[in-house]
RNA sequence: GCGGAUGUAGCUCAGUUUGGUAGAGCUCCGGAUUGUGGCUCCGGUGGUCGCGAGUUCGAGCCUCGUCAUUCGCCCCA
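In this note's numbering, the protein residues as written are 222 to 636.
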């Protein structure tokens, strides 16, 4: 049996785990300041949940889901994203009955069957937030402020924040724009890349997102969605922009930003970093006022975002906070274990060398572990019921009564 | 799914040209007159050369396949 890790997955340990923990910790902190509660949903759902919510025509649903069959032949999917699930949970648990608005955040692994590369995995981790029940731009603003605060908290400065509106489903809004756009594209179809000329009819907005130079040249001249959306969407967007200006949020409006999931409406945004290679999106989100309705539930306006934890981990290095730890060395195993146990019971972080090696080796271990002080239990100390305490920073050594060593350490920690 | 690059010790990599006993640095372990770390010096452990076939007297090196990583396309987190 070959013990190999599955393609696009990885084991996280050592510094990787520290980075993840650091980011999660900061996220929890910021989310709780804004009144968000954690929600934990299953790692798999019925396939139809994602198919209906995210959209049958999207890449995620069309070719990237990990599908499995349960024992009765029902189709299940490992979750490719978080929003559909949180919405499902709000609906199945009837949460809006008792609340007119709700705030949730979540962490966890997501799964997409894609070609792995830098910052892109088949099992990847997201941090997400969803805000339900508020249709005014206050909610949009709040999520963007959370993002700003979070990035500040993890000391990530070199990111750019892009914003757009993609209108709503009303006939005089996105559908009208789509028609205008298709009409325009048809006149320039010869200049479009193969991919775009194929998808311009069923998904014309995606053409705006194409990186092909010739397509960019064409779409630069295309009608802009801002000029076509309905007055409601237009007001929503300009009000949001004013609010962002008012809060000194730096952002740029990118009319090419359209997002690949069907459920978005009005505001969409993405966060980019130049230090991520080809996968330069660290996070993204938007408003999805229509998703509850798609699921046959009463309409609830909502907005949310997701951040790629794996990608954030590539961009951040956790501040090193030293936890003062102690290392016990000695020749008498029993005495060493006893003192170690005593320290640990008193919540003093304590290690020892389990192999009873030479003093020299034990000190090497102590040094390697980054110990703050070494407690030395030699024959002389044992006889006198004392402990020599060596400070590993300055090398100074003092003798303390065995019975008083815990008190001594606790007092020293405070300094 | 499609292109390009790469795969040799725990890590970073040489060795491939011209096939002939597997290398370096760092890490790790041990020692430097026996109860004391870091620095220095000395020594040691560690590799089915990604995996599988083929050519050959002989393959880390040549050929084919395969898996993985990586950079792009695509898409997104």
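Ideal Cβ placement from N, Cα and C applies to all residues, glycine included. The structure displayed is predicted, hence computed values, not measured ones.
Skipping 5 residues on each side, what residues in its chain have a beta carbon closer than 6 Å to that of residue i?
i, result
"residue 619", "610"
"residue 243", "539"
"residue 475", "383, 385"
"residue 573", "549, 557, 561"
"residue 458", "386"
"residue 272", "282"
"residue 542", "none"
Can you name the residues that DSSP bridges to residue i?
i, result
"residue 418", "Residue 418 pairs with nothing; no bridge assigned."
"residue 267", "297"
"residue 571", "547"
"residue 288", "298"
"residue 608", "621"
"residue 312", "Residue 312 is not bridged to any residue."
"residue 488", "386"
"residue 362", "BP columns for residue 362 are empty, so no partner."
According to DSSP, simplified to helix, strand and coil, what is residue i?
i, result
"residue 392", "coil"
"residue 494", "strand"
"residue 506", "strand"
"residue 522", "coil"
"residue 331", "strand"
"residue 239", "helix"
"residue 517", "coil"
"residue 499", "coil"
"residue 385", "strand"
"residue 398", "helix"
"residue 461", "helix"
"residue 563", "helix"
"residue 303", "coil"
"residue 594", "strand"
"residue 352", "strand"
"residue 443", "coil"
"residue 429", "helix"
"residue 369", "helix"
"residue 380", "strand"
"residue 323", "strand"
"residue 450", "coil"
"residue 227", "coil"
Between residue i and residue j, which are expected to be in contact by the criterion C-beta below 8 Å, what is the C-beta distance as a whole number of angstroms?
i, j, result
"residue 613", "residue 587", "7 Å"
"residue 349", "residue 497", "At roughly 19 Å, the Cβ-Cβ gap does not stay under 8 Å, so residue 349 and residue 497 are not in contact."
"residue 444", "residue 402", "6 Å"
"residue 521", "residue 354", "6 Å"
"residue 563", "residue 627", "6 Å"
"residue 333", "residue 343", "6 Å"
"residue 479", "residue 426", "4 Å"
"residue 508", "residue 473", "The pair is not a contact, with the Cβ atoms about 19 Å apart (cut-off 8 Å)."
Taking all protein chains shown into account, do 16 or more other C-beta atoms lie within 10 angstroms of the C-beta of residue i, making it buried, or fewer, making it exposed?
i, result
"residue 226", "exposed"
"residue 281", "buried"
"residue 490", "buried"
"residue 421", "buried"
"residue 347", "buried"
"residue 357", "exposed"
"residue 639", "The question about residue 639 has no answer, for the chain in this structure spans 222 to 636."
"residue 372", "buried"
"residue 278", "exposed"
"residue 234", "exposed"
"residue 591", "exposed"
Below 7 Å CB to CB, which residues in the same chain sit around residue i once its five sequence neighbours on both sides are set aside?
i, result
"residue 258", "324, 325"
"residue 351", "304, 307, 325, 523, 525"
"residue 239", "539"
"residue 265", "297, 298, 299, 300"
"residue 436", "413, 414, 417, 428"
Near residue i, what residues of its chain come up, given a Cβ to Cβ distance below 8 Å and the 5 sequence neighbours on each side ignored?
i, result
"residue 295", "267"
"residue 631", "567, 569"
"residue 312", "513, 516, 518"
"residue 398", "388, 444, 446, 449, 450"
"residue 606", "622, 623, 624"
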